[in-house]
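*Asks:* This is the structure, below, for whatever I ask next.
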Amino acid sequence: MKLLATFSLSTLLCFSLAAQQALSLADAIQIGLSNNYQIEIAERNIEIAQQNNSWEVAGRYPTVSFGIQGGNSYLDQFNPASFIRELTSLRSDWTGRVDVQWTIFDGFRVKLNKARLEELERISKGNAALAVQATVEDIILAYYQALVQQEQLKVISDVLLLSRDRIAYQEVRKEFGQATSFDLLQTQDAYLNDSTTLLIQQNNLNNTLRNLNRAMGVDDFTQQYNLTTPLDEAPKRYFLNDLQQRMLASNVNLQNSYLNRELAKANTQLRESEKYPILSIDVGGSYNENFSRLNAINPQTGEQFGAVNGNAFTGFANINLVYPIYTGGMRKRNIANSKIEEIVAQLNVEDLKRNLSTQLANSYATYENQLQLLELTNRLLDNAARNLEIAEERFKGGLISSFDYRTIQLNYINASQSRLNAYFNLKLTETELIRLTGGLVN
325 MKLLATFSLS TLLCFSLAAQ QALSLADAIQ IGLSNNYQIE IAERNIEIAQ
375 QNNSWEVAGR YPTVSFGIQG GNSYLDQFNP ASFIRELTSL RSDWTGRVDV
425 QWTIFDGFRV KLNKARLEEL ERISKGNAAL AVQATVEDII LAYYQALVQQ
475 EQLKVISDVL LLSRDRIAYQ EVRKEFGQAT SFDLLQTQDA YLNDSTTLLI
525 QQNNLNNTLR NLNRAMGVDD FTQQYNLTTP LDEAPKRYFL NDLQQRMLAS
575 NVNLQNSYLN RELAKANTQL RESEKYPILS IDVGGSYNEN FSRLNAINPQ
625 TGEQFGAVNG NAFTGFANIN LVYPIYTGGM RKRNIANSKI EEIVAQLNVE
675 DLKRNLSTQL ANSYATYENQ LQLLELTNRL LDNAARNLEI AEERFKGGLI
725 SSFDYRTIQL NYINASQSRL NAYFNLKLTE TELIRLTGGL VN
């Protein structure tokens with residue numbers, strides 16, 4: 325039995341040493357937000373949307389282009405029929421061009437494009453908020469799951485110590501002839517069962533801690549923690565009307581649905597702008613420089629033609645007015661489709677409101693029910709703890725058997741587990757209420 329006691333106490337000592345790093349729920353969330361890849365991706369998409377949200381992209385400013393074109397040619401000719409029978413020429417021609425194009429009026433598309441880009445930036449921020457919300461929710465659930473397993477391990481460890489004390493007590497009684505070998509074996513069986521339960525619970529805790537590390541984005545899955553946020557903090561009371569108002573004002577999914585509706589409206593306005601003419605100006609200029617050399621003799625003068633330089637400058641300023649008179653009904657169809665998309669976006673908003681209201685009402689009712697269950701499990705645990713205390717005294721006094729004592733001991737373990745489950749379910753539902761009302765990202 326000393327070997328068994330040493331084994332179990334060593335297990336408890338290993339657990340105590342492994343859980344050296346204290347970790348609160350707030351710390352876990354902070355670590356997770358800094359390590360999550362989806363959040364980082366969403367932030368990069370925000371940067372892209374912010375760079376695109378500019379008047380340059382919207383088309384307010386003119387475009388300026390510059391180009392250079394050059395060409396060289398060489399000619400070596402012998403033609404007896406020509407008045408210049410032999411001719412060798414080298415020609416070089418270079419042209420530079422600057423062109424400025426500016427749309428003065430395009431049916432307010434520049435302004436509408438800018439408004440659309442602003443909506444796209446808001447949508448990218450909304451998507452980032454969804455990524456943050458999902459990460460925070462995963463961390464909260466993983467944290468409380470691990471916390472429940474940690475608290476349950478403490479309960480089983482306490483029960484194991486009681487079983488160990490019972491063995492020592494039975495061994496003393498057997499020495500004085502007050503207990504039989506059967507009584508001692510029953511006590512040892514209880515101790516072995518508690519030791520087995522402890523090992524299983526330790527494994528359950530390690531699994532949940534690995535899940536917590538995954539949720540936080542920690543690559544070292546073997547990292548152990550001492551979770552410091554209390555599970556049994558005083559529950560909060562909520563009121564359905566307040567939750568409903570907060571949900572309509574702050575729910576992340578609903579806010580993104582509003583943004584999609586506004587984007588659909590902006591797309592319709594952009595389509596309607598196609599009914600207006602487009603007025604633009606095109607200003608530019610070109611400069612040409614050429615050089616040529618003829619290796620031939622002028623038959624009239626008898627002299628070499630020699631080299632010739634030339635240049636030319638051309639400038640232009642044009643006004644363009646374009647109005648598509650008939651496009652096969654395409655503009656009308658595009659506008660009609662955009663208006664339908666507006667209606668669909670509004671229906672999505674209303675449908676989401678209905679679904680969220682139902683989820684909120686269900687979660688609120690579940691939360692209220694779980695508050696009552698928590699109160700009952702607290703009373704049940706108080707009774708079980710008191711019964712265990714009385715049973716221990718009666719067992720030592722020989723008033724109850726080891727079977728009865730073991731039954732009361734198991735009842736205490738079950739009552740503790742029920743209480744921990746009640747707290748976890750309450751935290752689970754409370755997290756859902758906070759998520760529905762947008763509290764996980766605010």
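My numbering applies: residue 325 is where the sequence shown begins, and numbers increase by one.
Virtual Cβ for every residue (Gly too), placed ideally from N, Cα, C.
Treat the numbers as computed from the prediction; the structure is a model and nothing was measured.
Just to confirm the assignment, what range does the alpha helix (DSSP H) spanning Lys-677 have?
*Replies:* 654–720 is the extent of the alpha helix (DSSP H) around Lys-677.
*Asks:* Return the CA-CA distance between Glu-495 and Ala-558, expressed in angstroms with no decimal places.
*Replies:* One C-alpha to the other measures close to 44 angstroms.
*Asks:* If you draw a straight line from the alpha carbon of Thr-753 to that of Val-381, how long is it in whole angstroms?
*Replies:* Those two C-alpha atoms are separated by around 46 angstroms.
*Asks:* According to DSSP, Ala-439 sits in a beta bridge with which residue or residues?
*Replies:* None, per the DSSP bridge assignment.
*Asks:* Given this structure, state the Cα-to-Cα distance separating Gln-510 from Ser-487, to the nearest angstrom.
*Replies:* Approximately 11 angstroms between the Cα atoms of the pair.
*Asks:* Could you tell me which of Ile-659, Leu-578, Gln-569 sits nearest to Ser-597, measuring between CA atoms?
*Replies:* It is Ile-659.
*Asks:* By DSSP, does Gly-450 sit in helix, in strand, or in coil?
*Replies:* Note: Gly-450 maps to helix in three-state DSSP.
*Asks:* Taking the alpha-carbon of Ser-348 as reference, which of Leu-529, Leu-555, Ala-636, Ser-505 has the nearest alpha-carbon?
*Replies:* Considering only alpha carbons, the answer is Leu-555.
*Asks:* Residue range of the alpha helix (DSSP H) that Asn-745 falls in?
*Replies:* Here the alpha helix (DSSP H) through Asn-745 covers 726–760.
*Asks:* Taking contact to mean at least 3 C-beta pairs separated by less than 8 angstroms, is the stretch 440–453 in contact with the stretch 589–609?
*Replies:* The answer is yes - the stretch 589–609 touches the stretch 440–453, with three or more Cβ pairs under 8 angstroms.
*Asks:* Tell me the DSSP secondary structure of Tyr-467 in three-state form.
*Replies:* If DSSP states are grouped into helix, strand and coil, Tyr-467 belongs with the helices.
*Asks:* Helix, strand or coil: how does DSSP classify Gln-425 here?
*Replies:* Strand at Gln-425.
*Asks:* Pull up the CB-CB distance for Gly-762 and Asn-584, whole angstroms please, since I reckon it's below 8 angstroms.
*Replies:* With a Cβ gap of about 17 angstroms, Gly-762 and Asn-584 do not count as contacting.
*Asks:* Between Gln-547, Gln-526, Asn-527, which lies nearest to Leu-536 when the distance is taken from Cα to Cα?
*Replies:* Of Gln-547, Gln-526, Asn-527, the residue nearest in Cα terms is Gln-547.
*Asks:* Spell out a yes or no on whether the stretch 511–521 and the stretch 469–488 are touching, meaning 3 or more CB-CB pairs, one atom from each, closer than 8 angstroms.
*Replies:* Yes, they touch.
*Asks:* Short of 8 angstroms in beta carbon distance, which residues of its chain neighbour Val-765, apart from the five on each side in sequence? Order them along the chain.
*Replies:* These residues qualify, in order along the chain: Ala-453, Val-456, Gln-457, Val-460, Val-576.
*Asks:* Roughly how many angstroms separate the alpha carbons of Thr-651 and Pro-386, rounded to a whole number?
*Replies:* In a straight line, the C-alpha of Thr-651 is about 27 angstroms away from that of Pro-386.
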